[in-house]
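Here is the structure we will look at.
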Amino acid sequence: MLASFSSANAASAPVMRFSAEQCCLSIAQFHLAYAGKAALRDLTLDIPRHRVTAFIGPSGCGKSTLLRAINRLHDLNESVTHSGHIQLEGQDIHDATMNVTELRQRVGMVFQTPNPFPMSIYENVAFGLRLQQRLPKRKRDDIIEWALTSAALWDEVKDRLHRSAWQLSGGQQQRLVIARTLAIQPDVLLLDEPASALDPISTLKIEELIRNLKSQLTLVLVTHNMQQAARVSDYTAFLQHGELVEYGPTDQVFTNPRLQRTENYITGRTT
Amino acid sequence: MRRLTPRLYNALHSGLWPWLCAACVALSLLMLTALLTLLITRGLGHFWPATLEEVTLVSGDVVIGQPVREAPLPNADSLERLYFTGNRDITGANWRWVAIEDIRHQTVPNDLIRLERSPWGDFLGRLTAVESEGQRLTGQEAWAFVNNTLAKPASQRPAGQLLLTTADGQTLYQSLDSVTHFQTPNAMSWGQKVVTWGQRIWQFLSEGPRAANTGGGVWPAIFGTVLMVILMSVIVTPFGVLAAIYLNEIAHQNRLTHLVRIGVRNLAGVPSIVYGVFGLGVFVYGIGGSIDSWFFSDELPSPTFGTGGLLWASLTLALLTLPVVIVATEEGLARIPDTQREGAVALGATRLETLTRVVLPMATPAILTGMILAVARAAGEVAPLMLVGVAKLAPQMPVDGEFPYLHLERKFMHLGYHLFDTAFHGEDVQAAIPLVFAIALLLVLIVLALNLTAIFLRHYLRRQRGNEC
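Same order as they appear, the protein sequences are chains R and C.
Under full-length UniProt numbering, the first sequence has 20 at position 20, and the numbering climbs by one with no breaks.
Under full-length UniProt numbering, the second sequence has 111 at position 111, and the numbering climbs by one with no breaks.
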């Protein structure tokens, strides 16, 4: 991947730019505040298509806030104000012409705790499809099988599709939630600490899934687990106090960080 | 504060306190059991074919009656016994106190009969003969005829009359169609008594009241109670649920919503008679009066909707139970984790889709809990109903074969009010006591049945969803 580093403004965080055809999400001078209290400050970064980008940083640094902003989940909260731009494939997501429902169908989101709906496994995956359009049952079944297969869950649940989703284990539930999101064929998948509530084996399955999915879509991962970020991501952004500190290829950020702050965080030293 | 003595302190902290808690539970259970036992024994005992005694007194009088209870005589060591003697048309009273000292001897003859008649209530005495279609039957033939004929409903019986003899030898002619029940309790086997007992309970449940609510059954009151509660639920549930949705899902959580919430919770504590007054003023006179002047002006001055009726009673009780439904639903909505809502929104669901497809299905058990509480409260409420439409004796049922089948403007009977009326407005207080227990038991059972229905429904919904919480 061709990435050019511009160090025109040496005082601020280094900006890694991708060309228009490589860039999926482009965030520019983005500010966000909860009830006047700034949570994200002047964020600018590009997220490349069909790659896994990880956001790391201490608790409260704004990485989840940024992830939710990409899905416009902050719309639900009136006390949130923002400025700046987030572009999805060149289109501003806050633009008046952008339909928020359509945006959320293009940008799927998986949360920290598995949140399957209180319905059958089948209905969970069909939920997003049913919101979009009426499909013939045959076609819907095909999409559901494909989504569950993509989420590496099909073999485990194919015999009990009509049982309650709440009977699945935590790891299965999280993969079901991923399948539910994949079913509506999003361009981007946002994962907010998807494995933090799971046991190590389930975590490995989720990580493997993330690596496999990048051929289909762009993934953005928020994680507290450094090893996880190192294992699955192609690019890593380090955030602190609502600001982007360092952003670059994962290998470089983990082995040879440009800034002392980044190194301290990654190696677990308190600054 | 004075410190506890070390012994008491140690006793409390070393394991006495769980026992204290358990004792409170035990006491509650005991009181509940006592209540139910009292209602069941006194209420159901009323229908048991009780043994009839024939008592000859020192004075030479003969009394036939069912012993009810004994009480000490004033200013004496001995007891007196209360007999239910029936025959109010002849002696002027259904009851007679007999001092135990005055009894020369008492027997339990097999040929004593007990008739329930309409009018005049019970007859206790002997059967002498039957006159029917010009024939006069006596002895075994008379008994055979009576057993045969009185088993049929009154309309299918031949014309005729019974010749009856009272305890003191008076003769009474009783037409066959005025007899509603006939039994010879002393001659019955235990099995026959059980069957008769069941039949009389069924009569009580399925027939209308007689003799100014002191006899007969309570079917119109059961029907009125259940219908009113169902109508109330149909009105209150959508209202309460929508209000709770607004408060919890739509409104900004600020000082005003907080105030509204406190207000709603406090409304639940307003005395029910206040709602009755409100219902009378607003629904009956205000809205009902207007409806009458717009649509039923031909029939004025006799009111159609401008008087108490089923609709106004249901509305008043719906208002009364609205806070219960709102509070329960709101608590249910608040328990649903926000991640569920976000999950739906993140899939592109609109607010309405999130509400109807994810939030409301999850809140259904809570909504049903609210309904259970509302039904339990409404079914037992009497005071407001007295103002807005319950009747001592409703001439017509609120549902019948006449268009539009459900008559919302009609007055109706209600078990709670029926109980009150039987207990305090009857002429014969002694006769009312067992009926009061029977009606009270029935009221408890109806509330229980309505609640169980809702509980099973809730359980079913939960299981269907595999929700084990």
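C-beta atoms are modelled at their ideal positions from N, C-alpha and C, and glycine is treated no differently.
In this text the structure is predicted, and so the values were computed from the model without any measurement.
Compare the C-beta of residue i with all C-beta atoms of chain R and state if any pair is closer than 8 Å.
i        : result
C:Thr304 : no
C:Pro361 : yes
C:Asp350 : The sequence as given places Thr at residue 350 of chain C; Asp does not occur at that position. So, interface residue.
C:Ala454 : no
C:Asn467 : Interpretation of C:Asn467 is limited by its pLDDT of 47, a score under 50 that renders its predicted location unreliable; the figure taken from the coordinates is listed afterwards. Judged by the 8 Å Cβ criterion, C:Asn467 is in contact with chain R.
Under 9 Å between beta-carbons, which chain C residues line up against residue i? List them in chain order, please.
i        : result
R:Arg180 : Gly343 and Leu347
R:Phe111 : Thr339, Glu342, Gly343 and Ala346
Could you tell me the distance, in whole angstroms, from the CA atom of residue i to the CA atom of residue j?
i                      : j        : result
R:Leu81                : R:Ala38  : Going by the sequence as given, residue 81 of chain R is Thr instead of Leu. In a straight line, the C-alpha of R:Thr81 is about 9 Å away from that of R:Ala38.
R:Tyr265               : R:Ser233 : 17 Å
R:Ala3                 : R:Thr181 : Its pLDDT being 48, under 50, R:Ala3 is placed unreliably in this model, and the value from its coordinates should be taken loosely. Approximately 30 Å, taken between the alpha carbons.
R:Phe238               : R:Leu45  : 11 Å
C:Lys411               : C:Tyr417 : 13 Å
residue 470 of chain C : C:Gly281 : In the structure as shown, chain C begins at 1 and stops at 469. Residue 470 of chain C is therefore absent and cannot be evaluated.
C:Met232               : C:Arg458 : 19 Å
R:Gln173               : C:Ile439 : 53 Å
C:Asp111               : C:Thr165 : 11 Å
C:Ile262               : C:Ile326 : 12 Å
C:Phe182               : C:Leu150 : 7 Å
C:Val62                : C:Arg42  : 28 Å
C:Arg104               : C:Val429 : 29 Å
C:Ile455               : C:Ala144 : 50 Å
R:Leu123               : R:Ala151 : It is worth fixing the name first, because residue 123 of chain R is Glu in this sequence and not Leu. Answer to the nearest angstrom: the Cα atoms are 16 Å apart.
C:Thr304               : C:Ala221 : 21 Å
R:Asn71                : C:Tyr285 : 55 Å
R:Thr218               : R:Pro116 : 23 Å
C:Leu44                : C:Gly208 : 18 Å
R:Gln87                : R:Ser26  : 5 Å
C:Phe204               : C:Gly121 : 14 Å
R:Arg140               : R:Gly108 : 19 Å
Starting from residue i, find everything on chain C with Cβ-Cβ shorter than 8 Å and list it in chain order.
i        : result
R:Asn115 : Pro337, Thr339, Gln340, Glu342 and Gly343
R:Gly108 : Ala346 and Leu347
Mind pulling the chain R residues with CB within less than 7 Å of residue i?
i        : result
C:Val358 : Phe117
Is there a C-beta anywhere in chain C that falls below 8 Å from the one on residue i?
i        : result
R:Gln105 : yes
R:Thr218 : no
R:Ile184 : yes
R:Phe55  : no
Which chain C residues sit within Cβ distance under 7 Å of residue i?
i        : result
R:Leu131 : Leu347, Gly348, Ala349 and Glu353
R:Thr101 : Gly348 and Thr350
- Message: Any C-beta of chain C within less than 8 Å: which residues of the segment 60-88 of chain R qualify?
- Response: Answer set for the segment 60-88 of chain R: Asn71, Leu73, Leu76 and Glu78.
- Task: Quick one: which residues of the segment 88-99 of chain R get their C-beta closer than 7 Å to a C-beta of chain C? List them in chain order.
- Result: So the list is empty, because no residue satisfies the distance condition.
- Item | Proximal residues, the segment 225-244 of chain R versus chain C, C-beta separation under 7 Å | If the cut-off is 7 Å between Cβ atoms, the segment 225-244 of chain R has nothing near chain C.
- Item | Contact list for the segment 122-153 of chain R against chain C, Cβ threshold 9 Å | Within the segment 122-153 of chain R, those residues whose Cβ lies closer than 9 Å to any Cβ of chain C are, in chain order, Phe127, Gly128, Arg130, Leu131 and Gln132.
- Task: Decide if the segment 93-110 of chain R is in contact with the segment 134-151 of chain R; the criterion is three or more beta carbon pairs, one per stretch, under 8 Å apart.
- Result: Contact between the segment 93-110 of chain R and the segment 134-151 of chain R is not established, with fewer than three Cβ pairs separated by less than 8 Å.
- Query: Pairing CB atoms from the segment 249-265 of chain C with CB atoms from the segment 308-320 of chain C, are three or more of them under 8 Å?
  - Reply: Pairwise C-beta distances place the segment 249-265 of chain C out of contact with the segment 308-320 of chain C, as fewer than three of them are shorter than 8 Å.
- Given 8 Å as the limit, is there contact between the segment 83-99 of chain C and the segment 222-231 of chain C, that is, 3 or more CB pairs closer than that? These segments do not touch.
- Task: May I ask you to verify whether the segment 187-200 of chain C touches the segment 40-55 of chain C, counting CB pairs closer than 8 Å and requiring at least 3?
- Result: Because the criterion of three Cβ pairs below 8 Å is met, the segment 187-200 of chain C and the segment 40-55 of chain C touch.
- Item | At least three beta-carbon pairs within less than 8 Å, the segment 99-117 of chain C to the segment 129-138 of chain C | Taking 8 Å as the limit for Cβ pairs, the verdict is that the segment 129-138 of chain C does not touch the segment 99-117 of chain C.
- Query: Touching or not, the segment 67-86 of chain C and the segment 4-15 of chain C, by the rule of three or more beta carbon pairs under 8 Å?
  - Reply: Segments in contact, no.
- Query: Between the segment 193-208 of chain R and the segment 139-150 of chain R, do three or more beta carbon pairs fall short of 8 Å?
  - Reply: Under the 8 Å Cβ criterion, the segment 193-208 of chain R does not count as touching the segment 139-150 of chain R, having fewer than three qualifying pairs.
- Query: Do the segment 350-357 of chain C and the segment 382-397 of chain C meet, that is, are 3 or more Cβ pairs less than 8 Å apart?
  - Reply: Under the 8 Å Cβ criterion, the segment 350-357 of chain C does not count as touching the segment 382-397 of chain C, having fewer than three qualifying pairs.
- Message: So, does the segment 218-229 of chain R touch the segment 53-65 of chain R, judging by three or more C-beta pairs under 8 Å?
- Response: In short, these stretches touch, since the Cβ pair count reaches three.
- Item | the segment 94-101 of chain C contacting the segment 154-171 of chain C, beta-carbon criterion three pairs below 8 Å | Here the segment 94-101 of chain C does not lie against the segment 154-171 of chain C, with fewer than 3 beta-carbon pairs under 8 Å apart.
- Item | Segment contact, 8 Å Cβ cut-off, at least three pairs: the segment 71-87 of chain R with the segment 250-260 of chain R | As far as the Cβ criterion goes, the segment 71-87 of chain R does not touch the segment 250-260 of chain R, which means the pair count is below three.
- Pair every Cβ in the segment 366-374 of chain C with every Cβ in the segment 322-341 of chain C, then say whether three or more of these pairs are closer than 8 Å. Output reads yes: the segment 322-341 of chain C touches the segment 366-374 of chain C.
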